[in-house]
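The structure appears right after this line, and notes come after that.
Protein chains: 2
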Amino acid sequence: MGAMTEAAIDNRDTRERILDAAEAVFMACGYDGASLRQITGEAEVNLAAGHYHFGSKEALFQAVLNRRLHVLNQERLRVLDEMEAKAGGAPLKPSQILDAFFGTLLRMAIAHGDRGQTFLRLIGRTLTEPAEFIRTVLSKEFADVLERYKAALFRALPEVPKEEIVWRFHFMLGATSYAIAGTDTLRLVTDWQTGAIDDDLERLLPRLMSFLLGGLRAPLPAAASPNPQPRGNGRTRRKKP
Amino acid sequence: MGAMTEAAIDNRDTRERILDAAEAVFMACGYDGASLRQITGEAEVNLAAGHYHFGSKEALFQAVLNRRLHVLNQERLRVLDEMEAKAGGAPLKPSQILDAFFGTLLRMAIAHGDRGQTFLRLIGRTLTEPAEFIRTVLSKEFADVLERYKAALFRALPEVPKEEIVWRFHFMLGATSYAIAGTDTLRLVTDWQTGAIDDDLERLLPRLMSFLLGGLRAPLPAAASPNPQPRGNGRTRRKKP
DNA sequence: GCAGGATTCAAACGATCGTTTGAATCATAC
DNA sequence: GTATGATTCAAACGATCGTTTGAATCCTGC
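First to last, the protein sequences are chains A and B. Take 0 as the starting number for the first sequence in numbering that gives the first Met the number 0 and just add one per residue. Take 0 as the starting number for the second sequence in numbering that gives the first Met the number 0 and just add one per residue.
This is the structure:
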């Protein structure tokens with residue numbers, strides 16, 4: 000296969016042009032909906048260049064994802080480490096943890112301009128992609144980060160059952176993922192002017208943080224009883240024998 | 000083409016079998032990832048039956064969606080009407096509105112057993128589908144309901160800017176959509192036993208409602224100033240936790 | 001029974017997909 | 001300048017997709 004020598008000066012041009020185009024097309028069409036011809040066409044490179052540089056469509060998607068996701072999650076870990084070191088053994092505040100996780104995401108996206116926004120929306124949509132290899136890539140890439148942040152939240156909220164914290168982390172991921180997935184979905188609930196999300200992106204972080212913090216610290220649901228009462232609609236949920 | 004007379008007794012069998020299979024396959028693979036051969040194969044009907052009964056893949060997807068989504072949204076409107084009639088002109092409580100919207104969704108899904116759960120996950124994933132015709136279908140199907148519920152929330156929270164309510168509605172939709180989209184995504188954040196979401200589905204509603212209510216009623220973000228500060232990280236400090 | 005429309009079926013169509021091939025082009029090292 | 005390996009290119013491959021076709025089969029009304 001690729002017998003890479005040290006002569007790699009110009010190929011970064013083609014490689015990155017493919018990555019940029021793929022990022023945009025995958026974001027707009029989803030993994031299955033995007034075609035290599037569309038991607039290489041938009042990148043103005045030959046169709047075979049995609050396979051030459053990446054090997055397959057799956058590998059290309061993985062490369063698009065990891066190019067920015069890996070540095071994002073490294074930064075997330077670094078910020079959390081720094082916070083915990085500064086706290087000196089004391090638990091962090093929930094607002095700090097959420098800002099380290101979601102704030103780092105949004106600030107990195109803002110710092111990268113249009114490209115960062117495209118990647119934001121790609122991430123938001125990728126988290127709901129059904130293809131199995133995508134789920135595998137995501138779970139590997141997020142494993143460390145989620146484990147560390149979960150632990151931080153457990154320490155920050157010792158009175159809240161861990162199960163509940165995991166659920167609420169899940170809800171927060173969903174709210175964020177959905178919010179950054181793009182204006183198209185937002186246009187579904189409102190009739191505002193389109194575009195102009197550039198201005199809103201900076202305003203999104205405080206909005207989102209308030210919402211997430213409110214949800215995370217909400218009073219616990221009434222009955223976490225281990226015996227769930229059969230609600231008004233007492234439908235049997237046994238499997239047929 | 001379809002010159003439907005009144006002889007439609009048996010075709011409901013084939014039609015519904017296709018709809019059920021399509022619901023499952025679309026849920027598992029997404030719109031682009033699902034193939035008519037897979038659907039008709041799982042339904043044990045001929046490949047051409049799909050086109051005979053529905054005309055096209057897009058129309059089939061739309062039929063799958065509307066079959067349950069339409070009655071869901073009708074029920075949502077009915078429940079809201081009933082609440083407002085009972086309140087007699089007074090604004091509803093936010094918790095009532097959220098329960099009417101999200102509770103109706105989950106309760107209907109629970110009442111329909113496994114099929115309801117499949118549709119729940121299909122809805123959760125469909126809300127993030129990039130295909131344009133899907134977005135068109137969704138926006139038409141949700142237009143009335145979202146308008147009515149937005150108005151109800153405006154009246155319930157007169158002190159909160161409408162813009163903020165719309166954003167938080169958006170966040171709530173995302174959290175819910177993500178939570179019901181399936182265990183696969185949840186397995187990303189936790190290592191729990193798979194399956195067993197059957198038991199959790201009934202517990203999901205109180206959990207979700209607590210989180211959503213907490214987020215909806217959270218203190219407003221600090222500066223909604225028309226002049227966005229150069230990222231002063233304006234941390235809201237209005238209420239004590 | 002039979003006529004006629006509704007439905008099913010096997011087979012194929014054209015298009016598009018991801019991928020491969022093999023030669024042409026480029027850049028570098030001797 | 002020539003050899004060598006990296007990169008590009010046009011063209012095709014086989015597979016799969018959504019869709020169409022036309023005949024076979026089923027069902028119903030008379």
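Positions of the beta carbon are idealized from the N, C-alpha and C atoms, including for glycine.
Expressed to the nearest angstrom, what Euclidean distance is found between the alpha-carbon atoms of residue i and residue j?
i: residue 142 of chain B; j: residue 100 of chain B; result: 14 Å
i: residue 160 of chain A; j: residue 43 of chain B; result: 46 Å
i: residue 14 of chain A; j: residue 104 of chain A; result: 25 Å
i: residue 108 of chain B; j: residue 122 of chain B; result: 11 Å
i: residue 192 of chain A; j: residue 70 of chain B; result: With a pLDDT of 42 at residue 192 of chain A, under the threshold of 50, the modelled position of that residue is not reliable, and the figure given next carries that caveat. Distance between the alpha carbons of residue 192 of chain A and residue 70 of chain B: 30 Å.
i: residue 37 of chain B; j: residue 24 of chain B; result: 8 Å
i: residue 205 of chain B; j: residue 48 of chain A; result: 52 Å
i: residue 164 of chain A; j: residue 153 of chain A; result: 7 Å
i: residue 151 of chain B; j: residue 91 of chain A; result: 38 Å
i: residue 220 of chain A; j: residue 94 of chain A; result: 21 Å
i: residue 175 of chain B; j: residue 82 of chain B; result: 22 Å
i: residue 102 of chain B; j: residue 179 of chain B; result: 12 Å
i: residue 110 of chain A; j: residue 116 of chain A; result: 9 Å
i: residue 39 of chain A; j: residue 136 of chain B; result: 31 Å
i: residue 210 of chain B; j: residue 32 of chain B; result: 33 Å
i: residue 97 of chain B; j: residue 76 of chain B; result: 13 Å
i: residue 78 of chain B; j: residue 170 of chain B; result: 22 Å
i: residue 168 of chain B; j: residue 134 of chain A; result: 27 Å
i: residue 156 of chain B; j: residue 52 of chain A; result: 55 Å
i: residue 46 of chain B; j: residue 12 of chain B; result: 16 Å
i: residue 67 of chain A; j: residue 139 of chain A; result: 15 Å
i: residue 87 of chain B; j: residue 80 of chain B; result: 11 Å
i: residue 130 of chain A; j: residue 113 of chain A; result: 27 Å
i: residue 199 of chain B; j: residue 63 of chain B; result: 25 Å
i: residue 128 of chain A; j: residue 146 of chain A; result: 22 Å
i: residue 194 of chain A; j: residue 201 of chain A; result: Since pLDDT at residue 194 of chain A reaches only 41, below the 50 mark, its modelled position is unreliable, and no value is offered.
i: residue 208 of chain A; j: residue 19 of chain A; result: 30 Å
i: residue 29 of chain B; j: residue 28 of chain A; result: 12 Å
i: residue 84 of chain A; j: residue 212 of chain B; result: 34 Å
i: residue 125 of chain B; j: residue 89 of chain A; result: 43 Å
i: residue 203 of chain B; j: residue 214 of chain A; result: 14 Å
i: residue 65 of chain B; j: residue 22 of chain B; result: 11 Å
i: residue 240 of chain B; j: residue 132 of chain A; result: Its pLDDT being 36, under 50, residue 240 of chain B is placed unreliably in this model, and the value from its coordinates should be taken loosely. So the alpha carbons of these two residues sit roughly 42 Å apart.
i: residue 173 of chain B; j: residue 216 of chain A; result: 18 Å
i: residue 148 of chain B; j: residue 162 of chain B; result: 14 Å
i: residue 166 of chain A; j: residue 16 of chain A; result: 39 Å
i: residue 106 of chain B; j: residue 158 of chain A; result: 30 Å
i: residue 144 of chain A; j: residue 50 of chain B; result: 47 Å
i: residue 35 of chain A; j: residue 34 of chain B; result: 20 Å
i: residue 177 of chain A; j: residue 26 of chain B; result: 18 Å
Along the chain, where does the alpha helix (DSSP H) that runs through residue i open and close?
i: residue 176 of chain B; result: 161 to 179
i: residue 247 of chain B; result: Nothing can be reported for residue 247 of chain B: it is not among the residues displayed for chain B, which extend from 0 to 240.
i: residue 94 of chain A; result: 93 to 97
i: residue 216 of chain A; result: Run containing residue 216 of chain A: none; DSSP gives neither H nor E here.
i: residue 241 of chain B; result: Any question about residue 241 of chain B goes unanswered here, given that chain B covers just 0 to 240.
i: residue 35 of chain A; result: 35 to 42
i: residue 118 of chain B; result: 112 to 125
i: residue 102 of chain B; result: No alpha helix (DSSP H) contains residue 102 of chain B, which DSSP labels as neither H nor E.
i: residue 49 of chain B; result: 46 to 53
Note down, in chain order, every chain B residue with its Cβ under 9 Å from the Cβ of residue i.
i: residue 39 of chain A; result: Per Cβ cutoff of 9 Å: no residues; residue 39 of chain A is ~19 Å from chain B at best.
Closer than 7 Å by beta-carbon distance: list the chain B residues that pair up with residue i, in chain order.
i: residue 129 of chain A; result: 27, 28, 29, 32, 124
i: residue 219 of chain A; result: 209
So residue i contacts chain A; which residues on that side make the cut at Cβ distance below 7 Å?
i: residue 180 of chain B; result: 127
Sorry if obvious, but does the Cβ on residue i come closer than 7 Å to a heavy atom of the ligand MG?
i: residue 51 of chain A; result: Absence of the ligand MG is noted for the structure shown, with no ligands found whatsoever.
Legend entry - Selection of the segment 152 to 178 of chain A by Cβ proximity to chain B, strictly under 9 Å: 162, 163, 165, 166, 167, 168, 169, 170, 171, 172, 173, 174, 175, 176, 177, 178
Inset, instruction - Using a Cβ-Cβ cut-off of less than 9 Å, give me the residues of the segment 200 to 217 of chain A that come near chain B, in sequence order. - result: 201, 202, 203, 204, 205, 206, 207, 208, 209, 210, 211, 212, 213, 214, 215, 216, 217
Inset, instruction - Note down, in chain order, all residues in the segment 37 to 69 of chain A with a beta-carbon under 9 Å from any beta-carbon belonging to chain B. - result: none
Legend entry - Contact between the segment 72 to 91 of chain B and the segment 50 to 59 of chain B (3+ Cβ pairs under 8 Å): no
Inset, instruction - Count the C-beta pairs between the segment 119 to 135 of chain B and the segment 207 to 220 of chain B that are closer than 8 Å, then say yes if the count reaches three, no if not. - result: no
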